[in-house]
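Asker:
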Amino acid sequence: MKLFQSKKNAPPMDRTESLACTPCHLPDIDWKRMDNGVIRIEYPLNIKPFFLQIARRFQREQELQPTKKLELDELGATLWCMIDGKKNVKTLIEEFAETKRFSIQEAEQSVTAFLRELGRRGVIVLRKP
Numbered sequence: 001m002k003l004f005q006s007k008k009n010a011p012p013m014d015r016t017e018s019l020a021c022t023p024c025h026l027p028d029i030d031w032k033r034m035d036n037g038v039i040r041i042e043y044p045l046n047i048k049p050f051f052l053q054i055a056r057r058f059q060r061e062q063e064l065q066p067t068k069k070l071e072l073d074e075l076g077a078t079l080w081c082m083i084d085g086k087k088n089v090k091t092l093i094e095e096f097a098e099t100k101r102f103s104i105q106e107a108e109q110s111v112t113a114f115l116r117e118l119g120r121r122g123v124i125v126l127r128k129p
């Protein structure tokens, strides 16, 4: 009998599965379009409880959870507005390539890198079909 069983990682998705996923904004994310066209996203930081307690002791204001701000340029803002929770990644790539006049390969690299970074920061999630 094993005392500590390691959690099995799910096998990584292949390209076709990942292109079929649907990106969605998380509900606790605040964002607004600025006058100069950029979009500013404000999202909560994921901090371990131990460090959160230390931060609360040294903070003057009792903020519930610290937040971080991210500004998207023109391309990022365009793609952010395309994410509606209904279109899959492949559709986003095709629309982005058509809108910005990129080749499909360039658009795929840009869109997937953008979505990966937003997912890493905890701003969006990808739903499987």
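Reading the sequence shown from the start, the letters are residues 1 to 129 in full-length UniProt numbering.
Ideal placement from N, C-alpha and C gives every residue a C-beta, glycine not left out.
What you are looking at is a predicted structure, and each value in this text was computed from that prediction instead of being measured.
Can you tell which of GLU17, ILE41, GLN109, VAL111 has the C-alpha that lies nearest to the C-alpha of ARG127?
Answerer: Minimum Cα distance to ARG127 is reached at GLU17.
Asker: Taking contact to mean 3 or more Cβ pairs, one atom from each stretch, closer than 8 Å, check whether the region 107–126 and the region 79–92 are in contact.
Answerer: Yes, they touch.
Asker: In the structure shown, what three-state DSSP assignment does ARG101 receive?
Answerer: It is coil, neither helix nor strand.
Asker: Could you please give me the residues that DSSP links to ASP30 through a beta bridge?
Answerer: Paired residue(s): GLU42.
Asker: With burial defined as no fewer than 16 other Cβ atoms inside 10 Å of the residue's Cβ, what is the status of ILE41: buried or exposed?
Answerer: The residue is buried, with at least 16 neighbouring Cβ atoms inside 10 Å.
Asker: Report buried or exposed for ALA10, applying the criterion of at least 16 other Cβ atoms within 10 angstroms of its Cβ.
Answerer: Per the 10 Å Cβ criterion, exposed.
Asker: I'd like to know whether the C-beta atoms of THR67 and PRO49 end up nearer to each other than 8 Å.
Answerer: No, Cβ-Cβ distance for THR67 and PRO49 is not below 8 Å.
Asker: Since residue 139 and ILE29 should fall inside the 8 Å C-beta cutoff, what is the C-beta to C-beta distance between them, to a whole number of angstroms?
Answerer: The first residue shown for the chain is 1 and the last is 129, placing residue 139 beyond what the model contains.
Asker: Give the range of the beta strand (DSSP E) segment to which ILE124 is assigned.
Answerer: Counting along the chain, the beta strand (DSSP E) containing ILE124 begins and ends at 124–127.
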